[in-house]
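Heads up: the sequence shown begins at 1 in the UniProt record's numbering, then just goes up one per residue.
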Amino acid sequence: MNGTARHETPAPLLTRAPVPVVLAGAYGHGWWHLDNLRRLTEAGIVRLAGVCDVRPVEPERLRGLGRPEQSGDLGRLIERTGARVTVLVTPIHTHADLAVRALEAGSHLLLEKPPAATFAGFQRIAAAAARTGLGCQVGFQSLGSAAIPAIRQLIADGVVGRVKGIGVAGAWERDTAYFTRSAWAGRRRAGGVEVMDGALTNPFAHAVATALAVAGRGSADEVTGVDVELYHANAIEADDTSCLRVRLADGPPITVAVSLTASRRHEPYVIVHGTEGRITLTYTLDRVRVERVCREVTTVAYARTDLLENLVAHVTDGEPLLVPLAGTGAFMRVLEAIRLAPDPVAIPDEHQEIDRDEHGTAVRRVLPGIANLTARSAEHLSLYSELDVPWAAPRTVLRVGDRPVAEYSWRPELAATLSPRPYLHPVRTLGGVTVTELNPADHVHHLGVSVAIADVGGRNFWGGRTYVRDVGPTWLDDHGVQRHVTFTRRDDHGFTEVLRWAGPDGVDILEEQRTVTAVPLAGCWALDFRFTLSDLTGERLLVQSSATKGRAGAGYGGFFWRAPGSSTGRDCFVQDGGEPHGSRSPWLALSGSAPEGDWTLLFVQDEDPGDAWFARVEEYPGVGPALAWDRPLVVERTLTRRVVTVVADGRLTRGQAEALALRTSGGNPTRKASDHG
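Here you go:
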């Protein structure tokens, strides 16, 4: 347990024999459980019948606990001692096997958090509990607090109005020795075994679980998505500084921001943001602060029930468990998202203060201002990368299987003249060939794969000079910017994002919903890119290109893919074999050669016929469907487009391109990919 528990030692029970207990894992956090067992032994509630550990426990550590049998075999120890309850405090990656063994040996279980290192391990434990009919309580001690139901009642009563979101902040200090305390410390995996000893999944697991409990969400199916950002300042594999956003099927968003790199301990807390006030729970102290508009601020400290006491009462008297295993399914969904997230990003030394001993060895790493940063996250319900943190790169990695195939920069730092916007770069084939280019010398405003429009109501969202009729390309102070607002879905396969398009005066004129997905295909993959633009001006917006202003053939604007200009042997062709530039063919293929190998991009529009293709090959390699090829396009309410790009190694023939285009027909490669296995 993290924090200071406040339990009154109950009066001794004179009419009932103490419940025999086995403790599995007596070292590390097991010391706390030994002290708790000593308290409950003195009260006559339990009797320590056995201790299971790979190392014998010294007699002085068992003072006041009798002479419990010691063994390294948990199942046999339970059977020999007749233990009705097992307290399991072993390393995270051993939980699943040992929990199942304890349940099958006939013992109820107090399982230290987190329940398992994987969701599959959690399901194994749940199946064993169901099969045996025994109780399994998870050691999220903060959930034994009466503060949790009290807050939920306040929310239900509408004390702070409608809940807009829940934010969590936690910042503790940890010396470097903390991360070498055991062979599995600071590891995500070891020897092919999932370990998951990171800040969010171990020391601050209570933070995640408490927020979910306050939201009243416990089952796994209530979590619809998790955005995860993992970082480490220490030289470890796992994270020591992290944040996440949990999306619920029917509930407010939850953000959690934590770090083990503060200069001192700051008590972690949960904020419930309401339309008419807020509730703050300092969960380590069971203290609840209620602030309402134009009302007196109140603070109440609540009692906490010890989870082992509650489990014993469940075994002897049928009391409901406070933290049953099934109630931690939502937490395990979050842990699974953390497990599957890209490995943590190292925070460069220049952003740290490093305390060293007389030998020059780092003894503690501190991120200046980290407590304030976690507080800002909880206040604004934002991730680190959304808070202008220099070491929190706003990038999302797309994967096909275990291969990273694209990186999405969603808040890049770019000059205003480039019409700043999110972009995908680098994008790679499965063989590792890069097929995008960023800021090329010939057109520095070309940004990998992006949505770029030369003229939206007189604003330049393409970058560079603006074409002026009868004058030509001219530098104007008319550059717009696309700003990331939020992700409503984000995982290894893609994302759904909300953006705002603002003119040079900062006024928003468009809202965009963008959905990007990396879809596996046989021997290649496809980038499924869809965007919907909604007019915010209340007036008809005119979309133009340089071509609509008099520059023949310059109809560019919309989804645009800039391929590497260094590629040689470039070729471009469409379905009917005609001229690609200006064609309304349902698909267009662009290929080239790089030092790493040949590549082909096959662009397929969602509709047939779709927009005319803008295609450059000789001057530079760039392709995109043109929203305003030869006449302006009027956006009265919304505009939706979808392009699926097959990214393939090698040079596709016309026949191969046609076959792949058919597989992605209708703009739904996910369906076609599954149809073809």
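Where is the CB? At the ideal position from N, CA and C, for every residue including glycine.
The Cβ neighbour count for Ile354, taken over all protein chains shown within 10 Å, is under 16; the residue is labelled exposed.
Contact annotation, His479 with Ala563: C-beta distance approximately 24 Å; criterion of less than 8 Å not satisfied. The C-alpha of Asp606 lies about 11 Å from the C-alpha of Pro625.
For Phe331, the secondary structure class from DSSP, reduced to helix, strand or coil, is helix. Looking at Asp470, Ile125, Ala105, Thr640, the one whose alpha-carbon comes closest to that of Thr81 is Ala105. DSSP places Gln575 outside both helix and strand once states are collapsed to three, so it counts as coil. Our two residues, Phe204 and Thr488, have alpha carbons roughly 24 Å apart in a direct line. Contact between Ala233 and Asp240 holds, with the beta-carbon distance rounding to 6 Å and staying under 8 Å. In this chain, the beta strand (DSSP E) harbouring Ala594 covers 587-594.
With fewer than 16 other beta carbons inside 10 angstroms of its own, Gly360 counts as exposed. In the structure shown, Thr548 adopts helical secondary structure according to DSSP, grouped into three states. For Gly578 and Pro394, the gap between their C-alpha atoms comes out near 41 Å. Contact between Gly557 and Val543 holds: their C-beta atoms lie close to 7 Å from each other, under 8 Å.
Only residues of its own chain outside the window of five on either side were considered, and among them Ala220, Val223 have a CB closer than 6 Å to the CB of Arg333, listed in chain order.
Per DSSP, reduced to three states, the secondary structure at Ile45 is coil, with no helix or strand assignment. Its chain contains Ser585 as the residues whose beta carbon lies nearer than 7 Å to that of Asp576, once the 5 sequence neighbours on both sides are disregarded; these appear in chain order.
Straight across, the Cα-Cα distance linking Cys572 with Ala346 is about 41 Å. Going by beta carbons, Thr600 and Ser591 fall inside the 8 Å limit. Distance check between Leu447 and each of Val617, Ala552, Gly565 places Gly565 closest, using alpha-carbon atoms only.
At a Cβ-Cβ threshold of 8 Å, Arg365 and His484 do not count as neighbours. Secondary structure note for Gln513: its beta strand (DSSP E) is the uninterrupted segment 508-521. Cβ contact annotation for Pro420 (same chain, cutoff 6 Å, sequence separation greater than five): Leu414, Val481, in chain order. Residue pairing by DSSP puts Phe531 in a beta bridge opposite Arg514, Arg641.
Excluding the 5 residues flanking it on each side, Tyr384 has same chain C-beta neighbours closer than 6 Å at Glu229, Cys243, Ala392, in chain order. Beta bridge pairing from DSSP links Tyr231 with Thr241, Val345. Judged by beta-carbon spacing, Thr261 lies beyond the 8 Å limit of Arg245, meaning their Cβ atoms are not closer than that value.
Selection Leu367, Tyr231, Asp306, Val293 evaluated against Ala341 yields Tyr231 as nearest (Cα-Cα).
For Gly121, the enclosing alpha helix (DSSP H) covers residues 119-132. Val644 is not a Cβ neighbour of Ala452, given a cutoff of 8 Å. Collapsing the DSSP output to three states places Pro404 in a strand. Val270 sits away from Ile370, with the two beta carbons spaced by 8 Å or more.
Rounded to the nearest whole angstrom, the CA to CA distance from Arg570 to Arg616 is 10 Å. Excluding its 5 nearest sequence neighbours in each direction, Arg152 has C-beta neighbours in its own chain below 6 Å: Gly216, listed in chain order. In this structure, Thr180 is the residue among Gly191, Ala213, Thr180 with its C-alpha nearest to the C-alpha of Gly198. Within 10 angstroms of the beta-carbon of Arg469 lie fewer than 16 other beta-carbons, which makes it exposed.
Under DSSP, Asn460 takes part in a beta bridge, and its partners are His479.
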